[in-house]
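Participant: Sequential numbering of the sequence shown, starting at 0, is according to numbering that gives the first Met the number 0.
The beta carbon of each residue, even a glycine, is placed where N, CA and C say it ideally should be.
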Amino acid sequence: MQTERYSRREFLARVYRYSSLSMMALLFGYDLSAHEQDLAKSTALLYATRYGATKDTAQWIQNGMRTHVDLLDIERVSFSDVLTRYDRFIVGSGIWTGGVHKKVIEFFETGRNSLEGKILATFLVCGTEESTDKGRARIEGYFNVMHASLVTKPSMSKAFGGRIIVEKLFDDDRKALTAFYNSFLHDQLRSWDHTDPEKARCFGTDAEYNLKNPRLGSVQKIRA
Ligand SMILES: Cc1cc2nc3c(=O)[nH]c(=O)nc-3n(C[C@H](O)[C@H](O)[C@H](O)COP(=O)(O)O)c2cc1C
Numbered sequence: 000m001q002t003e004r005y006s007r008r009e010f011l012a013r014v015y016r017y018s019s020l021s022m023m024a025l026l027f028g029y030d031l032s033a034h035e036q037d038l039a040k041s042t043a044l045l046y047a048t049r050y051g052a053t054k055d056t057a058q059w060i061q062n063g064m065r066t067h068v069d070l071l072d073i074e075r076v077s078f079s080d081v082l083t084r085y086d087r088f089i090v091g092s093g094i095w096t097g098g099v100h101k102k103v104i105e106f107f108e109t110g111r112n113s114l115e116g117k118i119l120a121t122f123l124v125c126g127t128e129e130s131t132d133k134g135r136a137r138i139e140g141y142f143n144v145m146h147a148s149l150v151t152k153p154s155m156s157k158a159f160g161g162r163i164i165v166e167k168l169f170d171d172d173r174k175a176l177t178a179f180y181n182s183f184l185h186d187q188l189r190s191w192d193h194t195d196p197e198k199a200r201c202f203g204t205d206a207e208y209n210l211k212n213p214r215l216g217s218v219q220k221i222r223a
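So, in structure tokens, the structure goes:
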């Protein structure tokens with residue numbers, strides 16, 4: 000049997016090579032586990048809806064993400080449970096008569112301090128379109144109200160098209176919208192659907208990218 004014999008110099012060179020390799024592996028292992036830990040953080044996708052378009056949009060956003068996120072109706076959760084349990088949040092609301100859902104405002108007020116750095120993204124689902132300056136300014140206004148109590152604005156925010164199905168409207172809403180369409184738009188109230196599953200999925204994918212490459216704290220408004 001032949002045994003390998005090393006000179007002292009070769010022996011030291013090998014020890015050095017192997018120890019730097021194991022150091023690299025150790026570092027790499029450390030990096031991996033830190034990265035995995037970050038992904039293991041639990042994310043809640045909270046939505047506020049009246050007629051379902053915001054829930055659908057939230058589901059499409061969820062579909063765009065490979066990381067597991069819990070989809071939660073903000074009207075059915077306990078704020079303290081949610082604030083304790085999750086490390087990251089995506090929060091979305093429909094817009095009704097100029098405002099976001101009051102539970103979203105309450106959630107941001109309640110979590111003002113504990114939510115710092117944890118809001119991955121916010122989104123709105125509305126009838127206002129972004130194709131005009133006026134529309135963009137109105138959407139900006141909705142976001143400003145939504146984010147008013149947050150210390151740091153979310154790094155991603157986006158408005159999505161919603162929908163109205165006249166037959167499904169509650170009486171009060173149908174009457175209010177009919178009056179609005181007649182008086183201000185000089186038109187009849189009709190059903191419309193501006194939802195866009197693909198756009199929402201892409202937003203989910205972008206949000207996940209931000210989750211893995213955190214830049215939380217920088218204000219970045221993503222527009223269609
Ligand atoms: C009563 C009512 C009022 C609305 N007011 C606004 C509004 O002020 N601005 C806007 O952009 N969209 C408005 N919309 C359109 C909604 O934002 C859109 O229908 C959205 O899909 C609502 O979300 P939801 O389907 O999750 O309830 C209104 C819709 C309803 C039914």
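Taking only three categories from DSSP, how would you classify S156?
Facilitator: Locating residue 156 in the sequence shown gives position 157, counting from the first residue. If DSSP states are grouped into helix, strand and coil, S156 belongs with the strands.
Participant: Measuring straight from C-alpha to C-alpha, what distance separates V103 and S182?
Facilitator: Mapped onto the sequence shown, residue 103 falls at position 104. Mapped onto the sequence shown, residue 182 falls at position 183. Those two C-alpha atoms are separated by around 30 Å.
Participant: Just mark H185 as buried or exposed, buried being the case when its beta carbon has 16 or more other beta carbons within 10 Å.
Facilitator: Against the sequence shown, residue 185 aligns to sequence position 186. By the 10 Å Cβ count, H185 comes out exposed.
Participant: Helix, strand or coil for G140, going by three-state DSSP, please let me know.
Facilitator: Here residue 140 corresponds to residue number 141 of the sequence shown, with the count starting at 1. Here G140 sits in helix by DSSP.
Participant: Looking at the secondary structure, which residues open and close the alpha helix (DSSP H) in which R87 lies?
Facilitator: On the sequence shown, position 88 is the one that residue 87 refers to. Taken as a continuous stretch (DSSP letters only), R87 belongs to no alpha helix (DSSP H), being part of the beta strand (DSSP E) at 87 to 95.
Participant: Hey, how far is the Cα of V144 from the Cα of L114?
Facilitator: One-based indexing of the sequence shown puts residue 144 at position 145. One-based indexing of the sequence shown puts residue 114 at position 115. V144 and L114: Cα-Cα distance of roughly 17 Å.
Participant: Identify every residue that forms a DSSP beta bridge with V124.
Facilitator: In the sequence shown, residue 124 corresponds to position 125, counting from 1. DSSP output for V124 lists G93, F159 as bridge partner(s).
Participant: Taking the beta strand (DSSP E) that Y46 falls in, what are its first and last residues?
Facilitator: Indexing the sequence shown from 1 puts residue 46 at position 47. Its beta strand (DSSP E) spans residues 42 to 47.
Participant: Could you have a look at K220 and say whether DSSP puts it in helix, strand or coil?
Facilitator: Position 221 of the sequence shown holds residue 220. No answer about K220 holds up, because its pLDDT of 42 lies below 50 and its placement is not dependable.
Participant: Is any heavy atom of ligand 1 found at a distance shorter than 7 Å from the C-beta of I73?
Facilitator: As a first step, residue 73 is located in the sequence shown; it is residue number 74 there, counting from the start. Flag unset: Cβ of I73 not near ligand 1.
Participant: With a threshold of 6 Å on Cβ separation, who are the neighbours of Q187 within its own chain once the five nearest residues in sequence on each side are excluded?
Facilitator: For this step, residue 187 is matched to residue 188 along the sequence shown. Excluding positions up to five away in sequence, the list is empty.
Participant: Give me the Cα-Cα distance between E35 and S92, rounded to the nearest whole angstrom.
Facilitator: Stepping through the sequence shown from its first residue, residue 35 is reached at position 36. Stepping through the sequence shown from its first residue, residue 92 is reached at position 93. With a pLDDT of only 49 at E35, under 50, the local geometry of the prediction cannot be trusted, and the value read off the model is given with reservation. Answer to the nearest angstrom: the Cα atoms are 30 Å apart.
Participant: Since G110 and T151 are thought to touch, with beta carbons under 8 Å apart, how far apart are those beta carbons, to the nearest angstrom?
Facilitator: Locating residue 110 in the sequence shown gives position 111, where the first residue counts as 1. Locating residue 151 in the sequence shown gives position 152, where the first residue counts as 1. 12 Å between Cβ atoms; not a contact.
Participant: Just to confirm, are G126 and G161 a CB contact at a threshold of 8 Å?
Facilitator: Working through the sequence shown from its first residue, we reach residue 126 at position 127. Working through the sequence shown from its first residue, we reach residue 161 at position 162. Yes, the Cβ-Cβ distance between G126 and G161 is below 8 Å.
Participant: Cα-Cα, which of T131, L168, S156 is closest to F142?
Facilitator: The residue given as residue 142 occupies position 143 in the sequence shown. Measuring from the Cα of F142, the nearest candidate turns out to be S156.
Participant: Give a yes or no on contact between the region 52 to 59 and the region 196 to 215, applying the rule of three or more CB pairs nearer than 8 Å.
Facilitator: As far as the Cβ criterion goes, the region 52 to 59 touches the region 196 to 215, which means the pair count is three or higher.
Participant: Counting only the same chain and skipping the five closest in sequence on each side, list residues whose C-beta sits under 6 Å from that of S148.
Facilitator: Residue numbering aside, residue 148 sits at position 149 when the sequence shown is read from its first letter. Only F107, E108, R111 meet the Cβ criterion.
Participant: At a threshold of 7 Å, does Y180 count as lining ligand 1 (C-beta to nearest heavy atom)?
Facilitator: Here residue 180 refers to the residue found at position 181 of the sequence shown. No, since every heavy atom of ligand 1 falls outside the 7 Å radius drawn around the Cβ of Y180.
Participant: Any heavy atom of ligand 1 closer than 7 Å to the beta-carbon of L168?
Facilitator: Counting from 1 along the sequence shown, the entry for residue 168 is found at position 169. Yes; taking the cut-off as 7 Å, the Cβ of L168 has a heavy atom of ligand 1 nearer than that.
Participant: Is G134 helix, strand or coil when you go by DSSP?
Facilitator: In the sequence shown, residue 134 corresponds to position 135, counting from 1. It is helical.
Participant: Would you identify the three-state DSSP class for I118, choosing helix, strand or coil?
Facilitator: Locating residue 118 in the sequence shown gives position 119, counting from the first residue. Looking at I118 - three-state DSSP - the assignment turns out to be strand.
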